[in-house]
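Numbering (our numbering), first residue to last: 302 to 577.
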């Protein structure tokens with residue numbers, strides 16, 4: 302079987318990329334052919350169709366370092382990028398995938414990549430790694446501070462702007478709310494996905510509340526290759542956090558705990574927007 306894996310990033314940025322790398326390795330071990338599609342980045346590993354990848358876009362600064370023209374262009378691209386549709390169709394025409402496994406595509410690849418696959422006649426399966434289907438900042442954390450009762454779904458997408466949910470900025474939140482609205486209500490990308498995969502039962506319930514057909518959403522827990530790990534039951538001399546450095550991981554709480562326990566050493570390993 303030919304399987305096309307689609308995601309924004311193709312370097313070890315976080316848990317999603319580790320998961321995808323594991324899936325690809327397992328597919329190849331079982332005799333399947335795998336190709337990749339995503340966004341160009343100098344940190345990407347070797348991939349067969351890198352020339353078809355979409356050009357990079359950096360949204361980490363929320364457009365604050367761009368001029369007016371740059372902001373307008375980036376905003377339009379964030380909603381729908383035809384280059385993603387063209388690129389993925391180019392890959393599909395050569396690789397001839399039996400199925401496309403889509404992961405993270407929002408903002409960088411946009412709904413265009415899913416529609417491009419549909420127009421190429423490629424069946425699409427999507428695995429969710431966050432709450433992007435119902436939340437402008439993907440975390441279900443209102444204002445990046447407190448848990449959110451899905452206000453954008455229940456009271457309107459403008460709630461993301463009210464609470465400054467994206468980068469704690471009204472401008473970035475307005476763009477995030479517009480992107481979520483366009484993805485769900487204008488382009489309705491989910492109509493082109495045959496099956497949605499949720500790694501947790503809780504996330505599946507959120508997706509159903511967000512309007513997905515329960516017959517199309519399956520719960521498949523994330524896997525781990527137990528043989529790759531050797532447990533150690535000897536106590537160590539420190540507390541270790543390994544993971545993405547972003548607000549929803551609870552790192553501020555961890556630092557507060559560390560301050561209360563000065564005799565314990567805490568070590569943090571990872572990368573992300575909260576690194577500083």
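C-beta atoms are modelled at their ideal positions from N, C-alpha and C, and glycine is treated no differently. Computed from a predicted structure; not experimentally measured.
| request: Could you please give the first and the last residue of the uninterrupted alpha helix (DSSP H) stretch that includes residue 555? | output: On the chain shown, residue 555 is found 254 positions in, with the first residue counted as 1. Per DSSP, residue 555 belongs to the alpha helix (DSSP H) from 552-561.
| Between the Cα of residue 417 and the Cα atoms of 388, 311 and 432, which residue gives the shortest distance? | Counting from one through the chain shown, the residue named residue 417 turns up at place 116. The residue with the shortest Cα to Cα distance from residue 417 is 388.
| task | Would you list, in sequence order, the uninterrupted beta strand (DSSP E) runs of no fewer than 3 residues that lie entirely inside the segment 376-464? | result | At a cut-off of 3 residues, the continuous stretches assigned as beta strand (DSSP E) that sit fully inside the segment 376-464 are 400-403 and 425-428.
| message | Buried or exposed for residue 335, going by 16 or more other Cβ atoms inside 10 Å? | response | The count along the chain shown starts at 1 and reaches residue 335 at position 34. Buried, since its Cβ has 16 or more Cβ neighbours within 10 Å.
| Candidates 547, 483, 523 and 318: closest to residue 501 by CA position | Taking the chain shown and counting its residues from 1, one reaches residue 501 at position 200. Comparing Cα positions, the closest option is 523.
| message | By alpha-carbon positions, which one of 330, 434, 410 and 394 ends up nearest to residue 423? | response | As a first step, residue 423 is located in the chain shown; it is residue number 122 there, counting from the start. Here the closest residue by C-alpha is 394.
| Run through DSSP, which three-state label would residue 545 get? | Walking along the chain shown from the start, residue 545 turns up at place 244. DSSP places residue 545 in coil when its eight states are reduced to three.
| query | Does DSSP classify residue 471 as helix, strand or coil? | reply | As a position in the chain shown, residue 471 is number 170, starting the count at 1. It is helical.
| message | Which residue marks the beginning of the beta strand (DSSP E) containing residue 305, and which one marks its end? | response | Working through the chain shown from its first residue, we reach residue 305 at position 4. That run of the beta strand (DSSP E) goes 303-307.
| Local conformation of residue 568 per DSSP, three classes | Locating residue 568 in the chain shown gives position 267, where the first residue counts as 1. Residue 568 falls in the strand class under three-state DSSP.
| task | Return the chain-ordered list of same chain residues with a C-beta closer than 7 Å to the C-beta of residue 385, the five sequence neighbours on each side being excluded. | result | For the purposes of this step, residue 385 is taken as the residue at position 84 of the chain shown. Here the set comprises 355, 410, 411, 413, 414 and 417.
| Any C-beta of chain B under 8 Å from that of residue 453 | Looking at the structure shown, chain B is missing, and only one protein chain is on hand.
| task | Take the Cβ of residue 447 as the centre, count every other Cβ of all protein chains shown within 10 Å, and call the residue buried at 16 or more, exposed below. | result | What you label residue 447 is simply residue 146 of the chain shown in a count that begins at 1. The residue is exposed, with fewer than 16 neighbouring Cβ atoms inside 10 Å.
| Proximity winner among 313, 518, 485 and 337, relative to residue 396 (alpha-carbon distances) | As a position in the chain shown, residue 396 is number 95, starting the count at 1. Closest by alpha carbon: 337.
| message | Whole angstroms are fine: how far does the CA of residue 458 sit from the CA of residue 435? | response | As a working note, residue 435 is residue 134 in the chain shown. As a working note, residue 458 is residue 157 in the chain shown. Computed Cα separation, rounded: 10 Å.
| Opposing strand residues paired with residue 319 [DSSP bridges] | Within the chain shown, the letter at position 18 stands for residue 319. Paired residues: none, contrary to the question.
| field | residue 502: first and last residue of the uninterrupted alpha helix (DSSP H) it sits in | value | Here the question's residue 502 lines up with position 201 in the chain shown. Note, residue 502: alpha helix (DSSP H), 502-510.
| field | Closest Cα partner of residue 444 within the set 548, 460, 429 and 465 | value | In the chain shown, the residue the question calls residue 444 occupies position 143. When only C-alpha atoms are compared, the closest one is 465.
| request: Could you check the C-alpha separation between residue 451 and residue 554 for me, to the nearest Å? | output: Residue numbering aside, residue 451 sits at position 150 when the chain shown is read from its first letter. Residue numbering aside, residue 554 sits at position 253 when the chain shown is read from its first letter. So the two alpha carbons sit approximately 23 Å from each other.
| Is residue 302 buried or exposed, if buried means 16 or more other CB atoms sit within 10 Å of its CB? | The residue you call residue 302 lines up with position 1 of the chain shown. So residue 302 ends up on the exposed side.
| beta strand (DSSP E) segment containing residue 336, residue limits | Reading the chain shown from its first residue, position 35 is the one you call residue 336. Residues 334-338.
| query | Can you tell which of 358, 514, 400 and 392 has its C-alpha closest to the C-alpha of residue 408? | reply | The residue given as residue 408 occupies position 107 in the chain shown. Per the Cα distances, 358.
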